[in-house]
Amino acid sequence: MTSTADRLFDPAFKTDPIIVEHASVAIDAVYNGLSLELDLTSDTISILDYYVTTVGKVDRSILFLLSSATGAYFGELMRRILGGVWVIPSEIDPFLWELRFSSCPMSIFPVAIAAEVLAREVVDEIDSSFCVAPSRVALMEEMLDKAIKVTEEEYFSFAGRVDAIEMGVDFLSRVEIALAEKVGVKPVVFGDEDPMLVACIPLSVMDAPAKPARKPRKKRSETE
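So our numbering is basically just the index in the sequence shown, starting at one, shifted up by 1182.
Next comes the structure, spelled out in structure tokens:
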């Protein structure tokens, strides 16, 4: 009999095996505890948040175990929604598992996010902030300053983080598209490149005058 996890992690999705292993734990835990299925669609974020409320406060060791499972599920869901690549520098340290988005120079650390959501507070020695290319940080901060402020409850929830991540990726992706159009190239596909090191189109090109459109050459018959 094929399990839910087997169906969800079809090889066509090219999910990293370590992510499959840990996300499957979250899928099984939610089904066993709530009789609800996580199917890696955006609709299941509310189920994941509800599951967190049933867990309550746990000690640090249990927190880390639950974070790796729910974080792997959350990150894989975001990868399928927004497009991206997992970077796994260490299988034994899930807080280093990074999801780098393909359409913009930004990445997240899903297990770190999960730890804060589970704890309902900032966790010492864990950084769940976005990783953004240095040349785009000021733009991102300006955009976030103008965004609608969220409550503490929203911030420490998977649904709240989805909204923030989608907003960030959408904003930076539009910046990259605009810059690419300005210089007449295709938008960069960032793939697994480190947002902190990747070469980006300089923002200064937006201040440069647009190149005049080249007039089409007339055919000889039109000049005779």
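Cβ coordinates follow ideal geometry from the N, Cα and C atoms, glycine included.
None of these values were measured; they are calculated from a predicted model.
Proximity of the segment 1234-1254 to the segment 1202-1217 meets the contact definition, three or more beta-carbon pairs being nearer than 8 Å.
Of the residues assessed, residue 1240 falls on the exposed side of the cut-off, its CB having fewer than 16 other CB atoms within 10 angstroms.
Sequence-distant Cβ neighbours of residue 1273 in its own chain, meaning closer than 6 Å and more than five residues away, are 1200. Between residue 1355 and residue 1285 a beta carbon distance of about 4 Å is seen, short of the 8 Å cut, so the two are scored as contacting.
DSSP places residue 1282 in the uninterrupted beta strand (DSSP E) bounded by 1280-1283.
Per the DSSP secondary-structure output, residue 1289 pairs in a beta bridge with 1282 and 1313. Look at the segment 1226-1265 and you find these whole runs of alpha helix (DSSP H), each 4 residues long or longer: 1227-1237 and 1242-1264.
For residue 1273, no alpha helix (DSSP H) encloses it, and the DSSP letter there is neither H nor E. Contact between residue 1230 and residue 1213 does not hold, since the beta-carbon distance rounds to 12 Å and is not under 8 Å. Within the DSSP bridge table, the entry for residue 1380 names no partner.
When DSSP states are grouped into helix, strand and coil, residue 1269 belongs to the strand group. Boundaries of the alpha helix (DSSP H) around residue 1364: 1340-1365. Annotation for residue 1375: no alpha helix (DSSP H) segment contains it, and DSSP assigns it neither H nor E.
Residue 1227 sits close to residue 1344, with the two beta carbons spaced by under 7 Å. Per DSSP, the unbroken alpha helix (DSSP H) holding residue 1321 starts and ends at 1319-1328. Around the Cβ of residue 1339, a 10 Å sphere holds 16 or more other Cβ atoms; the residue is buried.
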